[in-house]
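*Asks:*
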Amino acid sequence: FTGEISPAMIKDIGANWVILGHSERRTIFSEKDDLVAEKVAHALESGLKVIACIGETLEEREAGKTEEVVFRQTKALLPAIGSNWDKVVLAYEPVWAIGTGKTATPQQAQDVHASL
């Protein structure tokens, strides 16, 4: 599964980036925002750059909670990132568009980016 590799293993193969907060980890392993933030802090402390995934489920989107969810997820990361934003990329991952037959349009992604 995604997320089963330590920072040391990532660095050992010469990679500099790690993806954290991926929908598989949030869904299958019930990883919450605070755990994702801990992982972000650990990765940064280990010298890795981070791609931090944020995004809402279909249920959250249909309830009109997109902004609430991505703001909450982003806010949880702030203490972990501190002044290291030059080492972090936020990746909007619309969980509702994974395996549902629904597709996120570029405008929908841009709307989330503009909100953030």
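In this text, residue positions in the sequence shown follow our numbering: the first is 3, and each later residue adds one.
Note that CB positions come from ideal geometry on N, CA and C, so glycine has one too.
These numbers were taken from a predicted model, which means no experiment stands behind them.
1) Under a Cβ-count criterion, where at least 16 other Cβ atoms within 10 Å of its own Cβ denotes burial, should P108 be classed as buried or exposed?
2) Counting Cβ pairs closer than 8 Å, one from the region 13-33 and one from the region 42-57, do we hit at least three?
3) Looking at the strands, I want to know which residues DSSP matches up with A93.
4) Give the range of the alpha helix (DSSP H) segment to which L37 is assigned.
5) Starting from I21 and walking both ways along the beta strand (DSSP E), at which residues does that stretch end?
*Replies:* Looking at the atomic coordinates:
1) Label assigned to P108: exposed.
2) The region 13-33 makes contact with the region 42-57: 3 or more CB pairs, one atom from each, lie closer than 8 Å.
3) Here A93 is bridged, per DSSP, to C55.
4) Counting along the chain, the unbroken alpha helix (DSSP H) around L37 starts and ends at D35 to E47.
5) Start and end: W19 to L22.
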